[in-house]
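Written out below as structure tokens is the structure these notes cover.
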Ligand SMILES: Cc1cc2nc3c(=O)[nH]c(=O)nc-3n(C[C@H](O)[C@H](O)[C@H](O)COP(=O)(O)OP(=O)(O)OC[C@H]3O[C@@H](n4cnc5c(N)ncnc54)[C@H](O)[C@@H]3O)c2cc1C
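In the working numbering, the protein residues as written are 50 to 428.
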């Protein structure tokens with residue numbers, strides 16, 4: 050086992066940190082207020098190969114592996130969690146196309162996505178089916194060369210602004226979860242519509258909204274991989290996403306701890322800096338330990354992915370522990386700032402609102418516990 054980063058991995062961290070510091074952090078508060086992040090910033094990310102991190106180099110990707118990707122996401126999340134999650138969704142779209150797609154599909158959707166010319170999205174959750182993803186009701190019924198798709202998806206990240214949507218629907222409704230397929234839907238197709246943008250507690254730079262397909266005809270050639278394999282593909286993609294969320298939890302929590310340490314050195318009460326009070330020192334020491342524990346869980350899970358080993362339980366550990374940790378760490382950072390932490394003048398209240406998101410996306414905290422418990426009680 051090797052804990053030392055390679056010089057290539059250290060360069061990735063430096064590159065991502067620089068991008069987060071210069072392009073994201075100064076704008077994060079405004080993007081959160083305005084409810085979106087600009088496409089020019091996405092293009093700048095593409096210029097640094099951050100839009101094709103898991104795409105093979107022969108197609109223009111960076112192919113930095115899962116650990117490399119986790120290192121990048123941790124740094125980006127310090128700048129803006131909503132923007133970073135939007136990029137996670139996009140990179141997962143790219144990965145799906147390159148791992149399941151035909152050569153033609155790679156050229157048609159994957160290569161432009163890697164270049165940052167188009168943005169990707171993933172649509173599984175429905176208004177009545179969240180954690181129970183196998184029960185989705187959207188249908189894609191084959192008619193000649195087309196699928197006729199009907200269904201409504203909720204909480205679609207990048208909804209309305211993405212160009213391509215990996216849409217999960219039942220091509221064989223009688224087969225239950227084994228009848229679910231993954232189909233790429235273009236935004237401007239007839240029959241596609243989007244609801245108003247969701248107003249969220251935090252991470253508003255990430256756009257989410259409902260998406261409805263009504264008698265929408267999509268060529269059968271837009272099927273990704275095999276019919277009936279959509280849920281299996283989605284769940285393996287969600288394992289990757291859970292590892293990424295572990296990295297996001299580290300980033301937002303580290304940013305909160307760094308702010309808390311800085312403030313504790315500057316703020317004077319009872320004639321001395323807050324940093325002198327052992328009660329606060331211990332609080333910050335615990336925050337540091339918990340972040341480090343999440344980082345190790347996340348890196349281990351990313352290493353398993355890089356080595357093509359079973360990852361579901363490790364990914365669940367990283368995400369479950371990380372999401373709770375991020376709320377606890379950012380909450381304590383707000384406390385260290387006193388009442389000023391409650392004001393928008395400082396970023397820590399924003400970090401706390403961002404952190405809460407991590408307990409829902411890509412499977413709730415309880416669903417991670419279900420995965421872990423199932424493993425514990427497996428015969
Ligand atoms: C910011 C944001 C972005 C998102 N982006 C996307 C996206 O791009 N694409 C997409 O498809 N989805 C997306 N989602 C949706 C997300 O994946 C779902 O919210 C999540 O899967 C949970 O579904 P739900 O919210 O309907 O909760 P429900 O499934 O209704 O669960 C409600 C509560 O019950 C608990 N619960 C459910 N089942 C069990 C069980 N078996 N045991 C114990 N407790 C249980 C849950 O943990 C939760 O606390 C996004 C969500 C958010 C917040």
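C-beta atoms are modelled at their ideal positions from N, C-alpha and C, and glycine is treated no differently. No experiment lies behind these values; they were computed from the predicted model shown.
Check                                                                                                                        : Outcome
Option in 178, 313 and 220 with minimal Cα separation from residue 202                                                       : 178
Residue 314, buried or exposed, once every other Cβ within 10 Å from all chains shown has been counted against 16            : exposed
Boundaries of the alpha helix (DSSP H) in which residue 100 is found, first to last residue                                  : Counting along the chain, residue 100 falls outside any alpha helix (DSSP H), and DSSP gives it neither H nor E.
Which of helix, strand or coil DSSP assigns to residue 399                                                                   : helix
Residue range of the unbroken alpha helix (DSSP H) whose run includes residue 384                                            : 361-385
Check whether residue 231 and residue 273 have beta carbons under 8 Å apart                                                  : yes
Alpha helix (DSSP H) segment containing residue 342, residue limits                                                          : 327-355
Secondary structure of residue 253, DSSP reduced to three states                                                             : coil
Any non-hydrogen atom of ligand 1 closer than 7 Å to residue 133 Cβ                                                          : no
Among 377, 366 and 336, nearest to residue 404 - alpha-carbon criterion                                                      : 377
Straight-line gap, residue 153 to residue 235 (C-alpha atoms, nearest Å)                                                     : 16 Å
Backbone CA spacing between residue 214 and residue 118 [nearest angstrom]                                                   : 22 Å
beta-carbon residue 142 near ligand 1 non-hydrogen atom, thresh 7 Å                                                          : no
Reference residue 338; option with closest CA among 270, 211, 302 and 84                                                     : 302
Neighbourhood of residue 250 by C-beta distance below 7 Å, restricted to the same chain and skipping five residues each side : 402 and 405
Beta-bridge pairing of residue 235 - partner residues as DSSP gives them                                                     : 213
Residue 408 vs residue 346 beta-carbon contact at 8 Å                                                                        : no
Run of the beta strand (DSSP E) containing residue 133, from where it starts to where it stops                               : Note, residue 133: premise wrong, no beta strand (DSSP E); alpha helix (DSSP H) at 130-149.
Close beta carbons around residue 97, own chain, < 8 Å, minus the five adjacent residues each side                           : 64 and 68
DSSP three-state assignment for residue 410, whether helix, strand or coil                                                   : coil
Residue 334 versus residue 386 - alpha carbon distance                                                                       : 16 Å
Assumed close pair residue 218, residue 170 - CB separation to whole angstroms, cut-off 8 Å                                  : In fact, because the Cβ distance is near 14 Å, the residues do not count as touching under 8 Å.
Near ligand 1: residue 129 beta-carbon under 7 Å from a heavy atom                                                           : no
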